Structures are given as C-alpha cells and as structure tokens.
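Peer 1: In this note's numbering, the protein residues as written are 1 to 284.
I'd like to ask you about the structure that follows.
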Amino acid sequence: MLVLRDALASPRPCPCACHTTLSRADRARGIEAVYVLDDTMRGMGYVPTYELTGDSLFRASQMKNDPTTRVVPVRFGECVYRRLVGSLLHEVLHALFGEVGPANYGIPFGMPYGVPESLPEADEEAYIAPFNLGEACAFVGVWILARHMFRIAWDVRTARDVGTYCFKGGNALVKVPRGFRAVAHLDRSAHEERYYARARALEDTARALFTPEKLDELTTRIRGYAAIGEKRRPKAFARASDVADLVPAKIGRNDPCVCGEPKKYKACCGERTTPYFAPTFVAR
C-alpha cells in the first residue's frame, strides 16, 4: 500500500494546475490539511491508501464485502490540493456522520444501490433514507469544513457535482455484492431533472445541520482523532512547505494516467483534448 509521504514525494501536473493557480502559502496549507486528515483516519482505526486508482480499488473492496477491512482508498487521480483534500474530508465526514470503527463507517457495502436481501421491499425507502442523508452531509460538508477548520478559501473538489444517492422510482440497476438486492433507482444522467431536484433538496437539509456549534464539535473530534493518528504514522511527514515547493515532473507517455484510471497516460488522458473532469465538480 502506498503511504502518504511516498504519494506526495513525486508530484505530477494535475488538470486544475494547482502548482500555478495556488500560492505557495495556499499549497502549504493544503498539505497541512492533508496531514491532519490522514492522521485522523488512522486515529479512527482506518488505513488510508494512496494509490492513484482509488476508484477501482474501492469497487473491488465493495464487491468483497469484507467486514474486517479497514483499508480506505482515498486518492482518485493526481490532484492533491483540490481533489485529495476533498476526498479525505469526504471520508472523514462519512465516519463522523456514520460510525467510527466499523468497515466503511458502518455503511453496508451494498449501498447506495443495494439493500440486504432479507429486507422487505416495502421498507427499502426508509432503510435507504439515513444513508442518503449521510452522503449528503459528507458531500456538502467538504467545502464547509475545509473553510471552517483549515481556512481553505479555494475550491476543493469532489468526485461529481452532486452527491451519490439512491432515489427509488427509476429503472436503473447496478451490480451489488452477494447478500444484497439491487434497487431500481433514478439514474443521474437518464433522469437528470428528477435526480437533481431531489438531490439539491436533500443537500439543503444536510447543509442546515452544519451550525457553528456542529462545526466546532466536528473540529474537536477531528483534532482528537488526529492526535491519536499522529503517533501511528508509518513514516515521518516532510515539512508542508517543502512539499509545496516540489515542482511537478513531466508526465511520461508510459506513466500511469493522472486521472486514476488503471491505464497508461498515452492510452487515456494523453489522448484527450479536454481535462478528465469538469471544473464545476466542486463541493459548495
């Protein structure tokens, strides 16, 4: 597994051009946030891993449905100052609004699109609802907590421009782990208007939960877990300012792609004429 210090040691350019669009002070602040959040996850009992292919690693873990795993892929491409910060915040928020300790923060691996096979169909919507709200909190809270706790004024990025929810009433079905039943749901692309209307309403509800008192509580909990995790670092961290000063190396055509897909750069983003994500994918 790739640990944080090694992941940060050899930066490459990212499509958002963080090394040219963010100041040195901002980059150092971003690294400091990453350090705290990495410590927090280990303090909670999890093992964050920093391979670029985080999405495929999570999908594999999801299908295994292993309740003993504590490994959490947190890196989904080359970007550190926007995407990795956003990813770590998202994971930490999932834990804080879910359960600290169990695999996947107590969220069944069949979620969001699968429910236990034993669950009566009539109970599906009620079963899914708290997990949808937890996802909404982990989505909208990324930018809110970044600003409140780490004084990050730039846009941090999430995987999509909206949370990943299961809204019954559509016809989309996806593969789920053994022991779960796929739920027919609204597809974000095929039912765009209906999906986004429900998602934004849910996110408004979640956003209202982030009162000043709640933010102070979350910050205190994060600092507490980070103090524990700092003692469990597998390698000492470099100074944040030194990491911020590292100059991104040129991307080789045969290097792993910067987007996180398990392909060589020349066979993936090296062939694209546009960035691999839309610039609107920010958590606000």
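Every residue, glycine too, gets a C-beta built ideally from N, C-alpha and C.
None of these values were measured; they are calculated from a predicted model.
#1: Between the beta-carbon of Arg75 and the beta-carbon of Gly54, is there less than 8 angstroms?
#2: With respect to the beta strand (DSSP E) encompassing Asn171, which residues constitute its N-terminal and C-terminal limits?
#3: Within the same chain, show all residues whose beta-carbon is closer than 6 angstroms to that of Ile228, passing over the 5 residues directly before and after it, in chain order.
#4: Taking contact to mean 3 or more Cβ pairs, one atom from each stretch, closer than 8 angstroms, check whether the region 165-177 and the region 114-128 are in contact.
#5: Excluding the five sequence neighbours on either side, which residues of its own chain have a C-beta within less than 6 angstroms of the C-beta of Met1, listed in chain order?
#6: Under the rule that 16 or more other beta-carbon atoms within 10 Å means buried, what is Ala283, buried or exposed?
#7: Going along the chain, which unbroken runs of the beta strand (DSSP E) with 3 or more residues stay wholly within the region 36-74?
#8: Would you kindly work out how many angstroms separate the C-alpha atoms of His90 and Met41, rounded to a whole number?
#9: Go through the region 160-241 residue by residue and report every complete run of the alpha helix (DSSP H) that reaches 4 residues or more, in order.
#10: Is the beta carbon of Val34 closer than 8 angstroms to that of Val100?
#11: Since I believe Pro11 is in contact with Ile251 (beta carbons under 8 angstroms), could you give me their beta-carbon distance rounded to a whole number of angstroms?
Peer 2: In this structure, then:
#1: yes
#2: Lys168 to Ala172
#3: Gly43
#4: yes
#5: Thr49
#6: Note that Ala283 scores 47 on pLDDT, short of 50, meaning its location in the model is unreliable and no value can be drawn from it.
#7: 47-49 and 71-73
#8: 11 angstroms
#9: 192-208 and 212-230
#10: no
#11: That pair is no contact at about 11 angstroms.
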